[in-house]
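Using full-length UniProt numbering, read the sequence shown as starting at 1 and increasing by one per residue. All C-beta atoms, glycine included, are put in the ideal place defined by N, C-alpha and C.
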Amino acid sequence: MSPSINTPEWKTVADAKRASVLAEIPEEWRLSNDVIEKYNDPTKHQSVMDVPKQYLTAEELEITEHDDSQQLLSKIHAGQYTSLQVYRAFAHRVAIAAQLLNCCTEIMFEFGEKTAKELDAYFQQHGKPKGPFHGLPISVKDCFNVKGYDSVVGMVCHVGNKDELVQSAWVDLLLDQGAIIYVKSNVPMSMMSSDSENNVNGKTLNPLGTDWSSGGSSGGEGAIVAFKGAMIGVGTDIAGSIRFPAANQELFGFKPSSDRLPYKNQKAGGNPNFMGFKPVAGPLARSANDIEFFMKTVLDAKPWVYDPVVLPFGYQKVEVPEKLNIGVILKEEGDSKDLAVDQDVQDMVQSAANKLQAAGHNVKTATNHPSFAGKWDFGTEFFEIKVKGVITALDKIKASGEPIIPSLGYMNLDPPFTPIEEIVRLKKELVILYSQWQDYFQEQQIDMLLMPLTRQKKWKHDEFLHQESPYSITWNEVDFAAAVVPHDGGCVQLVCPRLMEEKLVSMIKQVDAAIN
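Listed below in structure tokens is the structure:
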């Protein structure tokens, strides 16, 4: 249907882009309008996890129901499945997800099919896999550039930008290790919200309950991985953007320290000002084993070759005590409203602590730690830094004429230029905060903190706007390693100091074994 003469230009562009993406789904995989209308509803509390059983073949279900990548890969590498069989099974499943959950920004089935066939040809010729990920379906967040496809990052002004982009270091690395990349996932407008909604792809729904938010900004990844449309997803995190979607969809999520994993050639909403703390990339998965497998494979692939900023050391063998020393935080007491933690979240953390203690670990209440109060607002001050000559994402959004999504309401949409004295103050406070937390871990002789991620286990669409999360963003500000582990209908957060990724990976497995 032709657009109305009164349709704003931004909407015409957005609608055309959305239609072109969905047109990549083969006719035989398209759902009826009745099915889409029934399930694609953010006002209803309904799970869509059983929907694939109505459409996938028995073989497709068997392939996609794996929760451990190495189990699936062993069957590919033994010749039980071809890479093409595995790819097509996951492509069919993610096609359903795209229609029900608004979670896909680029459907790259032609590229996925080509990659799978090349992997099968390699295996037939050489009698061995191309790399550790040979045949593994991995989805990536929309900000990762794939040659020949847009990186819209939730902004109408970026539609049609594929020819401007250089393929991301992450994409090169994953393909070299044998992964199949076939879908990119939805994000919030500008990637600066905890609800993955924009005017191009709509609002991403949570497959566990469509009235729950999928989280953000890696919400599309969370939805795809939870729906089993990919074995592992790659997201990014600057305030909780891997951990929020993982928690809302009861997944494992891992936020490394900066400069351990690549970040080169990614699309940002605006031009970065390089004044704040760094975003990082990391995995979302359905098992602790997959977090370990992913981190080890990527670090052993010499990621510094793909991105020279990455520190030049691979996966380290670390000695982790059999009995961990764990500091527990249920919530910080204080009058600051951002410290609030719902009782069911405190109970969830306490339940995990009790099980860890019962398993023989040394568990104690973490006291006299640096305060979390005000740390969300502190982080937001960095996001709102505005300097002359730098065009921000909000500048671009306003110029395009598209409306701002509700969940961006926490930000000052028209900040003044930031004086250099203010930037110096912020950077100084950041260094002090890092030193305080580094000293705390050493003085307390703890291996990790066990604590909440946010005030709620899960939140509904646009609900996060009305809360703050100092318990997540603090670890971005001080650049510590942090992860979430599913437990009791939500996720608990584990934290350890900067550059201790291998130790945290090991502790995730220990914690998961004890509490689940």
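Beta-ladder partner(s) of residue i, from DSSP
{"i": "P452", "result": "Note: P452 sits in no beta bridge, so no partner."}
{"i": "D237", "result": "V280"}
{"i": "C496", "result": "A481"}
{"i": "E314", "result": "The residue you asked about is not Glu; residue 314 is Gly in the sequence shown. DSSP output for G314 lists no bridge partner at all."}
{"i": "G253", "result": "L284, V484"}
Residue i in three-state terms, based on DSSP
{"i": "N362", "result": "strand"}
{"i": "Q445", "result": "coil"}
{"i": "P303", "result": "helix"}
{"i": "K184", "result": "strand"}
{"i": "T297", "result": "helix"}
{"i": "T380", "result": "helix"}
{"i": "P137", "result": "strand"}
{"i": "L73", "result": "helix"}
{"i": "A483", "result": "strand"}
{"i": "C104", "result": "strand"}
{"i": "G219", "result": "helix"}
{"i": "S435", "result": "helix"}
{"i": "S213", "result": "strand"}
{"i": "A116", "result": "helix"}
{"i": "residue 517", "result": "Lying outside 1 to 516, the shown extent of the chain, residue 517 is not represented and no answer is given."}
{"i": "K267", "result": "coil"}
{"i": "K388", "result": "coil"}
{"i": "V21", "result": "helix"}
{"i": "A246", "result": "helix"}
{"i": "I232", "result": "strand"}
{"i": "V511", "result": "helix"}
{"i": "N145", "result": "coil"}
{"i": "G409", "result": "helix"}
{"i": "E171", "result": "According to the sequence shown, residue 171 is Val rather than Glu. In the structure shown, V171 sits in a helix (DSSP, three-state: H, G or I)."}
{"i": "N198", "result": "strand"}
{"i": "I329", "result": "coil"}
{"i": "A285", "result": "strand"}
{"i": "K460", "result": "strand"}
{"i": "F274", "result": "coil"}
Environment of residue i [buried if 16+ CB atoms lie within 10 Å]
{"i": "I405", "result": "buried"}
{"i": "I36", "result": "exposed"}
{"i": "N368", "result": "exposed"}
{"i": "Q510", "result": "buried"}
{"i": "E333", "result": "exposed"}
{"i": "S32", "result": "exposed"}
{"i": "R425", "result": "exposed"}
{"i": "I446", "result": "buried"}
{"i": "P283", "result": "buried"}
{"i": "D300", "result": "exposed"}
{"i": "N476", "result": "buried"}
{"i": "G271", "result": "Contrary to the premise, residue 271 reads as Asn rather than Gly in this sequence. The residue is exposed, with fewer than 16 neighbouring Cβ atoms inside 10 Å."}
C-alpha distance - residue i paired with residue j, whole-angstrom precision
{"i": "F123", "j": "D176", "result": "14 Å"}
{"i": "G202", "j": "H461", "result": "12 Å"}
{"i": "P132", "j": "M295", "result": "12 Å"}
{"i": "G253", "j": "Y440", "result": "24 Å"}
{"i": "K38", "j": "V48", "result": "10 Å"}
{"i": "L165", "j": "Q266", "result": "9 Å"}
{"i": "Q343", "j": "F464", "result": "17 Å"}
{"i": "K53", "j": "D67", "result": "16 Å"}
{"i": "K503", "j": "V318", "result": "6 Å"}
{"i": "S20", "j": "V146", "result": "17 Å"}
{"i": "K323", "j": "L330", "result": "21 Å"}
{"i": "A359", "j": "E28", "result": "50 Å"}
{"i": "C157", "j": "G269", "result": "10 Å"}
{"i": "L251", "j": "S287", "result": "8 Å"}
{"i": "G374", "j": "T380", "result": "10 Å"}
{"i": "R455", "j": "E113", "result": "42 Å"}
{"i": "M155", "j": "D338", "result": "30 Å"}
{"i": "T12", "j": "L72", "result": "42 Å"}
{"i": "Q99", "j": "S371", "result": "44 Å"}
{"i": "residue 596", "j": "Q249", "result": "Shown here, the chain extends from 1 to 516; a query on residue 596 therefore has no answer."}
{"i": "E443", "j": "Y263", "result": "33 Å"}
{"i": "K17", "j": "S336", "result": "43 Å"}
{"i": "M451", "j": "A246", "result": "15 Å"}
{"i": "D488", "j": "N289", "result": "19 Å"}
{"i": "V390", "j": "L356", "result": "48 Å"}
{"i": "residue 528", "j": "S213", "result": "Examination of residue 528 is not possible in this model, given that the chain is present from 1 through 516 alone."}
{"i": "F90", "j": "Q436", "result": "46 Å"}
Residue-chain proximity (residue i, chain B), Cβ-Cβ < 9 Å
{"i": "P8", "result": "Judged by its chain identifiers, the structure shown contains no chain B, having just a single protein chain."}
Checklist entry - Can you find at least 3 beta carbon pairs, one from the region 130–145 and one from the region 378–388, that sit closer than 8 Å? => result No: fewer than three Cβ pairs fall under 8 Å.
Next on the checklist: Quick check: the region 233–251 against the region 466–483, are at least 3 beta-carbon pairs closer than 8 Å?
Outcome noted: By the Cβ rule, the region 466–483 counts as touching the region 233–251, because three or more pairs are nearer than 8 Å.
Checklist entry - With contact counted as at least three CB pairs below 8 Å, one residue from each stretch, are the region 174–188 and the region 105–124 in contact? => result For the pair of segments examined, the region 174–188 was found to touch the region 105–124: the number of CB pairs separated by less than 8 Å reaches three.
Checklist entry - On the three-pair Cβ rule with 8 Å, is the region 482–496 touching the region 415–434? => result No: fewer than three Cβ pairs fall under 8 Å.
Next on the checklist: Would the region 477–487 count as touching the region 208–227 if we require 3 or more Cβ pairs under 8 Å?
Outcome noted: Taking 8 Å as the limit for Cβ pairs, the verdict is that the region 208–227 does not touch the region 477–487.
Item to check | Segment contact flag, the region 305–317 with the region 402–417, C-beta cutoff 8 Å, min 3 pairs | outcome: Contact between the region 305–317 and the region 402–417 is absent, because fewer than three Cβ pairs lie under 8 Å.
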